[in-house]
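Each remark here refers to the structure printed beneath this line.
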Amino acid sequence: MLLDALTTLLLLAGAVFFFAGTLGLLRFPDVYTRLHALAKADNLGLGCVLAGLALQADSLAVALKLLAIWPLALIASAAVGYSIARRAERLGVVPWQEQDQ
Amino acid sequence: MNFTSAELALAVALFLLVNLGAALWRAARGPTPADRMLAALLFGSTGTGILVLLAFAGGSPALVDVALTLALLAAISGIAFAQRAWLGKVEEDDAA
Amino acid sequence: MSSGLIFAATGCLLFVLGLGGVLLLKALLRRILAFNLMGSGAFLVLVGLAQRDGTPDPVPQAMVLTGIVVAVAATALALTLARRWQALTGREDIGRVGDAGSRRRSKQRERRKAPR
Amino acid sequence: MNLAFDLLLAAALLWSAWRTLATPQIGRAVILFIVFGLLLTLAWARLDAPDIALAEAAIGAGLTGALLLDAVAALRARRPNMDGDET
């Protein structure tokens, strides 16, 4: 019962974080901030979902495989984020700053 | 709470698919090429989540391997975009 | 309505879309994209219709698996040909040789028209 | 809920395919095609074909996208009337 409740909680938290990532991609003003939303919120959501499902796995091997996805996704996401941000910076994309005042 | 976990997993997968629909809008209308590519990367990470949830809801554990592959290889097109294809303002008026 | 039937119908529509793209679009890269969409539609129809009463049929799945790999090889070849064609002729579309459909010619025509 | 998932996925597939062919800029079309490949992976997963989904994830999402982006960059760099700013 406790495991089921924990899984439900983690899956819902993952859905919320994924939603935050999508919302950030839709609403943030420039490339750097969108990259930030994508790289942080989405990977946190993925980690929550994976942990919640690993609690329900019927064998240890399946649970470990589920949990192995997360660091790999983190590495891939960090590499892409760094690459795109460096490219944007080299192309002269100016980071967004608060316009008023 | 009368959910079983599989139904909850399917519901969360459906919710993530709705998120992907919103990201598709960004991929189609994003102002700069980088925004489109970021939307494509979002499809990679959210797609990984959906695949894991489907593996649990549909009861086919092979989909976890698919999710693993997707998480690693969706990054390749992002790297290729950053290293080769994003050249600056030329793309904006590029009608081929 | 099972999911196999839904995706088979989607595959039909994708095939029609891709066929229209292959026939109507001029730029080579776009034709390659449309050709890929057409192939994906055919694959969806094959796998979707093979999934009767819940149990998937492995033979069409093996065919589609082979087909995906072949499609990637064909795409790579087509992209190489398109790059070579552009290097040789400076054009990114095909029509009849000497046709007015070429991008450079239409640009020239616009430039000639502009001063008047 | 299964039916809603399938219908939404089919609609997203069709819309991304249509936008791929209808956008005027080739770079945008290629990125939309990558998105289409990722969605197609989900479709194979729904069709109980994990082996095809694996091949599509490796090939459709990774390899084809990289090939197409590279070809777009190469064609653009060699185009005479537009000075692609190589950095």
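Note that the protein sequences, when read in sequence, are chains A, B, C and D.
Sequential numbering from 1 applies to the first sequence in our numbering.
Sequential numbering from 1001 applies to the second sequence in our numbering.
Sequential numbering from 2001 applies to the third sequence in our numbering.
Sequential numbering from 3001 applies to the fourth sequence in our numbering.
We put the CB at the ideal spot given by N, CA and C, even for glycine.
It should be emphasised that the depicted structure is a prediction, and the values quoted were computed from it without experimental measurement.
Counted within 10 angstroms of its Cβ, other Cβ atoms place residue i as buried (16 or more) or exposed
i         : result
A:ARG27   : exposed
D:ALA3022 : exposed
B:SER1077 : buried
C:ASP2057 : exposed
C:GLY2041 : buried
A:GLN99   : exposed
D:ARG3046 : buried
A:TRP96   : exposed
A:VAL90   : Going by the sequence as given, residue 90 of chain A is Arg instead of Val. The residue is exposed, with fewer than 16 neighbouring Cβ atoms inside 10 Å.
B:VAL1064 : buried
A:ALA70   : The amino acid at residue 70 of chain A is misidentified as Ala; the sequence shows Trp. Answer is buried; the Cβ neighbour count reaches 16.
B:PRO1031 : exposed
B:MET1037 : buried
B:VAL1066 : buried
D:TRP3044 : buried
A:VAL31   : buried
A:GLY47   : buried
A:LEU3    : exposed
A:ILE84   : buried
A:ILE75   : exposed
B:PRO1033 : buried
Contacts of residue i in chain A (Cβ-Cβ under 8 Å)
i         : result
B:PHE1056 : LEU53, GLN56
Partner residues on chain D for residue i, Cβ-Cβ distance less than 7 Å
i         : result
C:ARG2083 : ALA3071, ALA3074, LEU3075
C:THR2010 : ALA3010, LEU3013, LEU3014
Cβ-based neighbour list, residue i, same chain, cut-off 8 Å, excluding 5 preceding and 5 following
i         : result
C:VAL2022 : ARG2031, ALA2034, PHE2035, MET2038
D:LEU3040 : LEU3013, GLU3056, GLY3060
D:TRP3015 : none
C:THR2080 : none
C:GLN2025 : The residue you asked about is not Gln; residue 2025 of chain C is Leu in the sequence shown. Closer than 8 Å at Cβ, skipping near neighbours: ARG2031, ALA2034.
Supposed contact pair residue j and residue i - C-beta distance, whole angstroms, cut 8 Å
i         : j         : result
D:LEU3069 : B:PHE1081 : 5 Å
C:ILE2068 : C:PHE2043 : 7 Å
A:ALA73   : B:SER1045 : 7 Å
A:LEU55   : A:LEU6    : 6 Å
D:ALA3017 : C:LEU2028 : Not a contact, Cβ separation roughly 19 Å.
B:GLY1021 : D:LEU3008 : 7 Å
C:CYS2012 : C:VAL2045 : 6 Å
B:ALA1085 : D:GLY3027 : 7 Å
B:VAL1052 : A:VAL49   : 6 Å
B:LEU1087 : D:ARG3078 : No, B:LEU1087 and D:ARG3078 are not in contact; Cβ-Cβ is about 12 Å, not under 8 Å.
C:GLY2004 : C:LEU2077 : Their Cβ separation, rounded to whole angstroms, is 32 Å, which puts C:GLY2004 and C:LEU2077 out of contact at 8 Å.
Cutoff 7 Å; reference residue i; Cβ partners in own chain excluding five residues on either side
i         : result
D:VAL3030 : LEU3068, LEU3069, VAL3072
C:LEU2019 : MET2038
A:ALA63   : ALA54, ALA57
B:LEU1070 : GLY1044, GLY1047, THR1048, LEU1051
B:LEU1054 : ALA1013, LEU1063
D:THR3064 : GLY3037
A:ASN43   : ALA73, LEU74, SER77
Beta-carbon contacts of residue i that lie in its chain and below 6 Å, excluding the five residues immediately before and after
i         : result
A:ALA37   : GLY21, GLY24, LEU25, PHE28
A:ARG39   : Checking the sequence shown, residue 39 of chain A turns out to be Ala, not Arg. Within the same chain, A:ALA39 has close Cβ partners SER77, GLY81.
B:ALA1057 : ALA1006, ALA1009, LEU1010
B:GLN1050 : A small correction: the amino acid at residue 1050 of chain B is Ile; Gln does not occupy that position in the sequence shown. Around B:ILE1050: ALA1013, LEU1016.
D:ASP3085 : For D:ASP3085, the predicted model reports a pLDDT of 40, less than 50, meaning its position is unreliable and no value from the coordinates is stated.
A:LEU10   : CYS48, ALA51, GLY52
B:ARG1026 : ALA1039
Proximal residues of chain D, C-beta to C-beta of residue i below 8 Å
i         : result
C:LEU2049 : By Cβ distance, chain D contributes nothing, its closest Cβ being about 11 Å from C:LEU2049, past 8 Å.
B:SER1005 : Per Cβ cutoff of 8 Å: no residues; B:SER1005 is ~14 Å from chain D at best.
C:GLY2021 : LEU3021
Beta-carbon neighbours of residue i, restricted to chain C and to distances below 7 Å
i         : result
D:ALA3007 : For the sequence presented, residue 3007 of chain D should be read as Leu rather than Ala. Those within 7 Å of D:LEU3007 in chain C are ILE2006.
D:ALA3017 : LEU2014, LEU2017, LEU2037
Cross-chain neighbours of residue i in chain B, by beta carbon under 8 Å
i         : result
D:LEU3038 : ALA1040, PHE1043, GLY1044, GLY1047, LEU1070, ALA1074
Beta-carbon neighbours of residue i, restricted to chain B and to distances below 7 Å
i         : result
A:ALA76   : ALA1071, LEU1072, ALA1075
D:ALA3045 : LEU1051, LEU1054, LEU1063, VAL1066
A:ALA88   : ALA1034
A:LEU26   : ALA1022, ARG1026
Chain A residues whose Cβ lies nearer than 7 Å to that of residue i
i         : result
B:LEU1008 : THR8, LEU11
Closer than 8 Å at the beta carbon, the chain C residues around residue i
i         : result
D:ALA3004 : Chain C residues near D:ALA3004: none, gap ~11 Å exceeds 8 Å.
D:LEU3042 : The premise fails here: D:LEU3042 is roughly 11 Å from chain C at the closest Cβ pair, so nothing lies under 8 Å.
Interface partners of residue i on chain D, CB under 9 Å
i         : result
B:ALA1011 : MET3001
C:ALA2027 : ILE3026
Residues that residue i contacts on chain F, provided the C-beta gap is smaller than 7 Å
i       : result
A:LEU35 : The structure shown contains no chain F; its protein chains are A, B, C and D.
Taking only beta carbons into account, state which residues of the region 1041-1071 of chain B come closer than 7 Å to chain D, listed in chain order.
-> Cβ contacts with chain D: PHE1043, GLY1044, GLY1047, ILE1050, LEU1051, LEU1054, SER1060, ALA1062, LEU1063, ASP1065, VAL1066, THR1069, LEU1070.
Cβ-based contacts, 8 Å cut-off: residues of the region 38-52 of chain A near chain B = Listed in sequence order: LEU38, ASP42, ASN43, GLY45, LEU46, VAL49, LEU50.
Taking only beta carbons into account, state which residues of the region 1014-1031 of chain B come closer than 8 Å to chain D, listed in chain order.
-> If the cut-off is 8 Å between Cβ atoms, the region 1014-1031 of chain B has LEU1014, LEU1017, VAL1018, LEU1020, GLY1021, LEU1024, ALA1027, ALA1028 near chain D.
Compile a chain-ordered list of the residues in the region 3053-3065 of chain D whose CB is closer than 8 Å to at least one CB of chain B.
-> Cβ contacts with chain B: ALA3053, LEU3054, ALA3057, ALA3058, ALA3061, GLY3062, LEU3063, GLY3065.
In the region 3019-3031 of chain D, which residues sit with their C-beta less than 8 Å from some C-beta in chain C, listed in chain order?
-> Listed by position along the chain: THR3020, LEU3021, ILE3026, ALA3029, VAL3030.
Any residues in the region 2056-2067 of chain C with a beta carbon nearer than 8 Å to a beta carbon of chain D? Which ones, in chain order?
-> The region 2056-2067 of chain C vs chain D, Cβ under 8 Å: PRO2056, GLN2061, VAL2064, LEU2065.
Which residues, taken in chain order from the region 2068-2080 of chain C, show a beta carbon closer than 8 Å to some beta carbon of chain D?
-> Look at the region 2068-2080 of chain C: the residues with a C-beta under 8 Å from a C-beta of chain D are ILE2068, VAL2069, VAL2072, THR2075, ALA2076, LEU2079.
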